[in-house]
Amino acid sequence: MTKYTLDNTTSACFISNKHDDKDVNVTLEDGVTHVVPAWSVSILPDCKTVAYNSAKIKTQTSVMVKRPEDGLTQSLTWSWMPENLQPFMTDEKGNFRKNELLEQITTSGDQSDYLWYRTSFEHEGEGSYKLHVNTTGHELYAFVNGKLVGRHHSPNGGFVFQMETPVQLHSGKNYVSLLSATIGLKNYGALFEMMPAGIVGGPVKLLDPATNATTYDLSNSSWAYKSGLVGEHREAYLDKAGQLWRSLNGTIPVNRPFTWYKATFDAPAGSEPVVADLLGLGKGVAWINGNNLGRYWPSYTAADMGGCRQCDYRGTFKAEGDGLKCLTGCNEPSQRFYHIPRSFLNAGVENTVVLFEEAGGDPTRVDFHTVAVGAACAEAAEVGDQVALACSHGRTISSVDVASLGVARGKCGAYEGGCESKAALAAFQAACVGKESCTVRHADDFRAAAGCDSRVLTVQATC
Numbered sequence: 001m002t003k004y005t006l007d008n009t010t011s012a013c014f015i016s017n018k019h020d021d022k023d024v025n026v027t028l029e030d031g032v033t034h035v036v037p038a039w040s041v042s043i044l045p046d047c048k049t050v051a052y053n054s055a056k057i058k059t060q061t062s063v064m065v066k067r068p069e070d071g072l073t074q075s076l077t078w079s080w081m082p083e084n085l086q087p088f089m090t091d092e093k094g095n096f097r098k099n100e101l102l103e104q105i106t107t108s109g110d111q112s113d114y115l116w117y118r119t120s121f122e123h124e125g126e127g128s129y130k131l132h133v134n135t136t137g138h139e140l141y142a143f144v145n146g147k148l149v150g151r152h153h154s155p156n157g158g159f160v161f162q163m164e165t166p167v168q169l170h171s172g173k174n175y176v177s178l179l180s181a182t183i184g185l186k187n188y189g190a191l192f193e194m195m196p197a198g199i200v201g202g203p204v205k206l207l208d209p210a211t212n213a214t215t216y217d218l219s220n221s222s223w224a225y226k227s228g229l230v231g232e233h234r235e236a237y238l239d240k241a242g243q244l245w246r247s248l249n250g251t252i253p254v255n256r257p258f259t260w261y262k263a264t265f266d267a268p269a270g271s272e273p274v275v276a277d278l279l280g281l282g283k284g285v286a287w288i289n290g291n292n293l294g295r296y297w298p299s300y301t302a303a304d305m306g307g308c309r310q311c312d313y314r315g316t317f318k319a320e321g322d323g324l325k326c327l328t329g330c331n332e333p334s335q336r337f338y339h340i341p342r343s344f345l346n347a348g349v350e351n352t353v354v355l356f357e358e359a360g361g362d363p364t365r366v367d368f369h370t371v372a373v374g375a376a377c378a379e380a381a382e383v384g385d386q387v388a389l390a391c392s393h394g395r396t397i398s399s400v401d402v403a404s405l406g407v408a409r410g411k412c413g414a415y416e417g418g419c420e421s422k423a424a425l426a427a428f429q430a431a432c433v434g435k436e437s438c439t440v441r442h443a444d445d446f447r448a449a450a451g452c453d454s455r456v457l458t459v460q461a462t463c
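Read in order, the letters of the sequence shown are residues 1 to 463 in the UniProt record's numbering.
The structure is reproduced here in structure tokens:
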């Protein structure tokens, strides 16, 4: 216990329990005993009354569920338009030329995620080589003589990486076109504004595939620079008149990189939040009625780690190494659902979704959902505490599924129960079912079977 005293008159106490497996009783100078749950801290502003305990948070936990808009997915008719890469397959046009490899953000003026680095050189006869590019990321596409020969991205935030890929040269002039892509900007840390991006300095070399010896060093060649893509400059995402969208009986190519897609849909009814489910896409950018939803990359998945399978607030939290716990999203896309503000949508008329698919994906799997509270959970640590549950947007509580005592196993929406209290369950069912919200007092007669001595009450309801 730590006690702070001001002018020998006013005191405040902090009681901590560092045990991760047992609650403790602490008796203060006034003779009052306080129960301090495992791995928690109690704050007593007057050293008499507990105002807060870190293990006794009574705020409701809500599990949000995504509900498909009936019939919406089937009604989407997609059209498509290829990104015009042809102007960038030679080094004949560009904003300017330089005999060095420049930093991307400064060169592009941060006007686009994309910057083209293009050069050419003469070669006698045909030959097989290995293209080596050293870059500060974040992503790189390599084209040689108009063909996509390689793609690589920086793994786990390690932005400096090397890409090596086999290439075939022909006799005469050969063209190398490198498209460097950024995925946001660093926004923290010392001198973060100085963090480089792109193929700054290189080197860019052609290696002998047998010996890895440098045959051509292109780093100081004459490089032509061009920021952005044709579709960006033409504002394809605004769906302007005159754009050549293609569709053959609703059939579109899928898993095709550098492709624009478009479809129309009706705004979901009601006032609940709306999200776009972009699972099935690769990497790119999405727009709704010309409003940018942001970059998407659902094909990038998190690692499958053991810490996703267990969670108990008690004990030291570890996100790395041994003893991982309380991790979420393992082996899942970095992001799948994208919020669409209702202000982006037009009620009663068609809405347009435009995708720029950079890596290749399947837009026919795109779906739209409304979001609502699916499960509502709350805890009360002491008899007399009020337990409040609530759904949202006019939805009502359809059932009370768990009312148990002790540290709950599992997580909200999937509690396993254990020390069920029939009295507590009956009280919550009577007070809550059929209502949008309810409040029930943790009563002394909420008891469980023998051996369930904890008075911590956990309740789970379905909306």
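In this text, a Cβ means the ideal position worked out from N, Cα and C, and glycines have one as well. What you are looking at is a predicted structure, and each value in this text was computed from that prediction instead of being measured.
Assigned secondary structure, residue i (DSSP; H/G/I helix, E/B strand, else coil)
i	result
A443	coil
K18	coil
Q111	coil
P333	strand
T364	helix
I105	helix
Q162	strand
R455	coil
G71	Only weak support is given to the placement of G71: the predicted model assigns it a pLDDT of 48, under 50, and the question is left unresolved by the model.
N145	coil
C326	coil
Buried or exposed by the 16-neighbour rule on C-beta atoms within 10 Å, applied to residue i
i	result
R246	exposed
Y261	buried
Q104	buried
T5	exposed
P45	exposed
P341	exposed
Y52	exposed
T107	buried
E379	buried
D91	buried
S120	buried
A303	exposed
A450	exposed
S221	buried
F88	buried
C-beta contact flag for residue i and residue j at 9 Å
i	j	result
S42	S16	yes
T259	G360	yes
P333	T364	no
E123	E139	Position check: residue 123 holds His in this sequence, whereas Glu was assumed. Not closer than 9 Å, so no.
L101	Y114	no
V456	V387	no
C419	A448	yes
A263	S40	no
P68	H369	yes
G280	R295	no
L324	G348	no
V354	M64	no
L85	F143	yes
Identified DSSP bridge partners for residue i
i	result
C311	Its beta-bridge partners do not exist; DSSP assigns none.
V35	N25
W116	L179 and K226
G294	A286
P203	Bridge partners of P203: none, in fact.
N174	F121
F356	W260 and V285
F96	Y225
Q460	C377 and V402
Distance cut-off 8 Å: residue i Cβ against heavy atoms of the ligand GTP
i	result
H393	Summarising the ligand content, the structure contains no ligands, and the ligand GTP is consequently not present.
Q.
What ranges does the alpha helix (DSSP H) occupy inside the region 373-421, keeping only unbroken runs of at least 4 residues that lie completely in it?
A. Taken in chain order, the whole alpha helix (DSSP H) runs of length 4 or more contained in the region 373-421 number zero.
Q.
List, from N- to C-terminal side, the beta strand (DSSP E) runs of 3 residues or more that fit wholly inside the region 227-289.
A. Here the runs fully enclosed are 259-266, 274-277 and 284-288.
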